[in-house]
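What follows is one structure encoded as structure tokens, with my remarks underneath.
Residue numbers (my numbering), protein chains in the order written: chain R, 12 to 277; chain E, 3 to 291.
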């Protein structure tokens, strides 16, 4: 199948503000070092790594919230590596993002209806109310929730609003950045089951960033393991779990505390 | 009597009817590690706060007793209670960034308690702090004593809070989700550190967590909470072999387990939620308050 994303020799460096002298420019740190991979249409790929591995930075580069400092990113044939805001705007509808913390990514002063509806209006959709209603149906929330504010919802419900806002735009690609790590296990399982169903039903391409390989195994067909800004492993999920190649992947697997007192965890 | 005994403890927000804790009873023996498991809002942190005497002002004890080392804490005058708790118990808090004062150096933040509450002289407190930082495997403890929290990584800050909790050789430590903010490899180091220190010092540990994977690694017994009610109290081995309560079973089935992708991460069935809610309502119905 055709590739939705083609990433070649991607590099990204950011200014290190903690080391910035009082006058003059901050030194730059390399976050992503020479990453190459592609995502075919319909792929559900997990991006895993520890904190500081660059997984969120990679995600933000894919949806062009950050501009790479080297290499290239092609989205559905278009080179988006250095496109400016105006040129990106029509593309933005097509790649959506679901954020880690719904409390800080949903404006507390807006109703759920407005949160889902205003991006639709910005992109010139018609029949917004109906679209908001259908998006809420998709994520299993009653349509009446459109009148509520984020603080009136539970963590799992807020994350459903984040998902509704992304899928209402009818995107081809969704980036989900640690969207279940702040949730209780029971809401985590519900949100994952929901996402699993939506990806299948809507034929989405999904990149799912997580530090939790258990969650990735359930959802993703393929896993990209990042360590210190480099890809150390990129394989089909079943193969990776059966026979992890990189030492870092093995360390990551061995560190997961399974709910089993007999697991060797030394 | 066990080192810590909580009996029939009920809490509520002053002026409101539903209880935050519903007649909670649990015990932790000397040197025992007990987990308090439940989802957010189940009241697990509130139990820890009640034991340590740091309940929010808006929360009152409706009934029940907290016995620490043979003393009935809730029946004591506040100052005497603080002295007992300060000498015998300590907390490892959840968020290492907010728990440390960002505008003070690490050293005094560890020694304050020893100097001001336990009356140690400063030199003794400082050498104790240095020894503890070494015990939590911090390289160059003298430098860390002079550092500010923002200069240290999340894992380092959590190590400092662990050192700080063990500083006065407490007999009981309440650990409130101490590794929730950390990634798995650092979590493993920190858990093994806490477990090792707990064993060496013979400290009893009340371990608040929502992660049953963590429970199976560090605890001997657990209490499962739902809506402020203990629905199951069991030794860890028995629990993982066969949880008795339907809600516990559902919680275990919802827990991620990469070795069993089909059998784990199962959403809690609505019937189970309805049944446990009915159980809570029934308990409220027969409660005398």
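Cβ coordinates follow ideal geometry from the N, Cα and C atoms, glycine included.
Worksheet entry | Three-state secondary structure assigned by DSSP to residue 216 of chain R | Working through the first chain from its first residue, we reach residue 216 of chain R at position 205. Correct three-state label for residue 216 of chain R: strand.
Discussion item. So residue 143 of chain R and residue 157 of chain R are supposed to be a Cβ contact under 8 Å. How far apart are they, rounded?
Written reply: If you number the first chain from 1, residue 143 of chain R lands on position 132. If you number the first chain from 1, residue 157 of chain R lands on position 146. The pair is a contact, with the Cβ atoms about 6 Å apart (cut-off 8 Å).
Practice prompt. Could you work out which residues of chain R lie near residue 239 of chain E, taking near to mean beta carbons separated by less than 8 Å?
Written response: For this step, residue 239 of chain E is matched to residue 237 along the second chain. Within 8 Å Cβ-Cβ: 272.
Fill in: Residues, ordered as in the chain, of the stretch 220-242 of chain R that lie near chain E by beta-carbon distance below 7 Å
For the stretch 220-242 of chain R, which is checked against every Cβ of chain E, the residues closer than 7 Å are 222, 223, 224, 225, 226, 228, 229.
Worksheet item: Is the distance from the Cβ of residue 113 of chain R to the Cβ of residue 201 of chain R below 7 Å?
Response: As a first step, residue 113 of chain R must be located in the first chain, where it is residue number 102. As a first step, residue 201 of chain R must be located in the first chain, where it is residue number 190. Cβ atoms of residue 113 of chain R and residue 201 of chain R: not closer than 7 Å.
Worksheet item: Cβ of residue 230 of chain E less than 7 Å from any chain R Cβ?
Response: On the second chain, position 228 is the one that residue 230 of chain E refers to. Residue 230 of chain E does not count as touching chain R.
Worksheet item: Roughly how many angstroms lie between the CA atoms of residue 72 of chain R and residue 45 of chain E, to the nearest whole one?
Response: In the first chain, the residue the question calls residue 72 of chain R occupies position 61. In the second chain, the residue the question calls residue 45 of chain E occupies position 43. Taken atom to atom, the span from the alpha-carbon of residue 72 of chain R to that of residue 45 of chain E is near 40 Å.
Discussion item. So residue 293 of chain E contacts chain R; which residues on that side make the cut at Cβ distance below 9 Å?
Written reply: A question about residue 293 of chain E goes unanswered here, because the residues of chain E that appear run from 3 up to 291.
Fill in: Environment of residue 100 of chain E [buried if 16+ CB atoms lie within 10 Å]
Counting from one through the second chain, the residue named residue 100 of chain E turns up at place 98. Under the 10 Å beta carbon count, residue 100 of chain E is surrounded by fewer than 16 other beta carbons and is classified as exposed.
Fill in: CB contact check: residue 185 of chain E to chain R, cutoff 7 Å
Here residue 185 of chain E corresponds to residue number 183 of the second chain, with the count starting at 1. With 7 Å as the cut-off, residue 185 of chain E counts as an interface residue toward chain R.
Worksheet item: Using the C-alpha atoms, what's the distance from residue 244 of chain E back to residue 175 of chain R?
Response: On the first chain, residue 175 of chain R is found 164 positions in, with the first residue counted as 1. On the second chain, residue 244 of chain E is found 242 positions in, with the first residue counted as 1. If you take the alpha carbons of residue 175 of chain R and residue 244 of chain E, they lie about 38 Å apart.
Worksheet item: Taking Cβ positions only, does residue 41 of chain E come closer than 7 Å to chain R?
Response: Counting from one through the second chain, the residue named residue 41 of chain E turns up at place 39. It does: the Cβ of residue 41 of chain E has a partner Cβ on chain R nearer than 7 Å.
Discussion item. Against chain E, with Cβ distances strictly below 7 Å, would residue 67 of chain R count as a contact?
Written reply: As a first step, residue 67 of chain R is located in the first chain; it is residue number 56 there, counting from the start. So, not an interface residue.
Discussion item. Just to check my reading of the structure: residue 4 of chain E and residue 39 of chain E have Cβ atoms closer than 8 Å, yes? What is that Cβ distance to the nearest angstrom?
Written reply: Counting from one through the second chain, the residue named residue 4 of chain E turns up at place 2. Counting from one through the second chain, the residue named residue 39 of chain E turns up at place 37. Not really, about 19 Å apart at Cβ, beyond 8 Å.
Worksheet item: What residues match up with residue 241 of chain R in a beta bridge as DSSP calls it?
Response: For the purposes of this step, residue 241 of chain R is identified with residue 230 of the first chain, where counting begins at 1. In DSSP, residue 241 of chain R forms a bridge with R:238.
Worksheet item: Can you name the residues of chain R whose CB is closer than 8 Å to the CB of residue 212 of chain E?
Response: Residue numbering aside, residue 212 of chain E sits at position 210 when the second chain is read from its first letter. Within 8 Å of the CB of residue 212 of chain E, the CB atoms of chain R belong to 195, 196, in sequence order along the chain.
Fill in: Within chain E, partners of residue 62 of chain R - CB distance below 7 Å
Counting from 1 along the first chain, the entry for residue 62 of chain R is found at position 51. Under the 7 Å cutoff, chain E gives 185.
Worksheet entry | Residues of its chain near residue 21 of chain E, where Cβ-Cβ distance is below 7 Å and the 5 sequence neighbours each way are ignored | Locating residue 21 of chain E in the second chain gives position 19, where the first residue counts as 1. The beta carbon of residue 21 of chain E is closer than 7 Å to those of 12, 13, 14, 64, 230 in its chain, skipping five residues each way along the sequence.
Item to complete: Output yes if chain E places a C-beta closer than 7 Å to the C-beta of residue 58 of chain R; else output no.
Response: Along the first chain, read from residue 1 onward, the residue named residue 58 of chain R stands at position 47. Residue 58 of chain R does not count as touching chain E.
Fill in: Within-7 Å CB hit, residue 225 of chain E to chain R
Numbered from its first residue, the second chain carries residue 225 of chain E at position 223. Chain R contact via Cβ: absent.
Worksheet item: Does the beta-carbon of residue 16 of chain E have 16 or more other beta-carbons within 10 angstroms, so that it is buried, or is it exposed?
Response: Position 14 of the second chain holds residue 16 of chain E. Around the Cβ of residue 16 of chain E, a 10 Å sphere holds fewer than 16 other Cβ atoms; the residue is exposed.
Worksheet item: Is there at least one Cβ from chain R nearer than 7 Å to residue 168 of chain E's Cβ?
Response: Locating residue 168 of chain E in the second chain gives position 166, where the first residue counts as 1. It does not; no Cβ of chain R falls within 7 Å.
Worksheet item: Between which two residues does the alpha helix (DSSP H) harbouring residue 17 of chain R extend?
Response: Within the first chain, numbered from 1, the residue matching residue 17 of chain R stands at position 6. No alpha helix (DSSP H) contains residue 17 of chain R, which is instead part of the beta strand (DSSP E) from 14-26.
Discussion item. Let me make sure I understand the geometry here. Which of R:262, R:256, R:249 has the alpha-carbon closest to that of residue 261 of chain E?
Written reply: Here residue 261 of chain E corresponds to residue number 259 of the second chain, with the count starting at 1. Scanning R:262, R:256, R:249 for the CA closest to the CA of residue 261 of chain E turns up R:249.
Worksheet item: Start and end of the beta strand (DSSP E) containing residue 115 of chain R?
Response: The residue given as residue 115 of chain R occupies position 104 in the first chain. Here residue 115 of chain R belongs to no beta strand (DSSP E); instead the alpha helix (DSSP H) covers 113-116.
Worksheet item: Whose Cβ in chain R lies nearer than 8 Å to the Cβ of residue 256 of chain E?
Response: As a working note, residue 256 of chain E is residue 254 in the second chain. Here the neighbours are 196, 197, 199, 200.
Item to complete: Would you mind stating whether residue 186 of chain R and residue 218 of chain R have Cβ atoms separated by less than 7 Å?
Response: Here residue 186 of chain R corresponds to residue number 175 of the first chain, with the count starting at 1. Here residue 218 of chain R corresponds to residue number 207 of the first chain, with the count starting at 1. Yes, they are a contact pair.
Worksheet item: What residues match up with residue 51 of chain R in a beta bridge as DSSP calls it?
Response: Position 40 of the first chain, counted from the start, is the residue given in the question as residue 51 of chain R. Partner(s): R:14.
Worksheet item: Is the stretch 65-73 of chain E touching the stretch 185-197 of chain E in the sense that three or more CB pairs, one from each, lie closer than 8 Å?
Response: The stretch 185-197 of chain E is not in contact with the stretch 65-73 of chain E.
Discussion item. Against chain E, does residue 268 of chain R count as a neighbour if the rule is that its beta carbon must be under 7 Å from one of theirs?
Written reply: Residue 268 of chain R sits at position 257 when you count from the first residue of the first chain. Interface residue (Cβ-Cβ distance to chain E less than 7 Å): residue 268 of chain R is classified as such.
Worksheet item: What are the partner residues of residue 223 of chain E, as DSSP defines its beta bridges?
Response: Start at 1 with the first residue of the second chain, and residue 223 of chain E comes out as number 221. In DSSP, residue 223 of chain E forms a bridge with E:36, E:237.
Discussion item. Assuming the contact rule is C-beta atoms closer than 8 Å, residue 181 of chain E and residue 163 of chain E should be a hit. Round their C-beta distance to whole Å, please.
Written reply: Your numbering for residue 181 of chain E matches position 179 in the second chain. Your numbering for residue 163 of chain E matches position 161 in the second chain. Incorrect: roughly 11 Å between the Cβ atoms, too far for contact.
Practice prompt. Using a Cβ-Cβ cut-off of 7 Å, state whether residue 27 of chain E counts as contacting chain R.
Written response: Mapped onto the second chain, residue 27 of chain E falls at position 25. With 7 Å as the cut-off, residue 27 of chain E does not count as an interface residue toward chain R.
Practice prompt. With a threshold of 16 other CB atoms inside 10 Å of the CB of residue 197 of chain R, please say whether the residue is buried or exposed.
Written response: Translated into the one-based positions of the first chain, residue 197 of chain R becomes position 186. With a 10 Å radius around the Cβ and a threshold of 16 neighbouring Cβ atoms, residue 197 of chain R comes out buried.
Discussion item. Using CA atoms only, rank isn't needed, just tell me which of R:133, R:124, R:80, R:195 is closest to residue 140 of chain R.
Written reply: In the first chain, counting from the first residue as 1, residue 140 of chain R sits at position 129. Comparing Cα-Cα distances from residue 140 of chain R to each of R:133, R:124, R:80, R:195, the minimum goes to R:124.
Fill in: Reduced DSSP secondary structure (H/G/I, E/B, other) of residue 246 of chain R
Along the first chain, one-based indexing puts residue 246 of chain R at 235. Strand at residue 246 of chain R.
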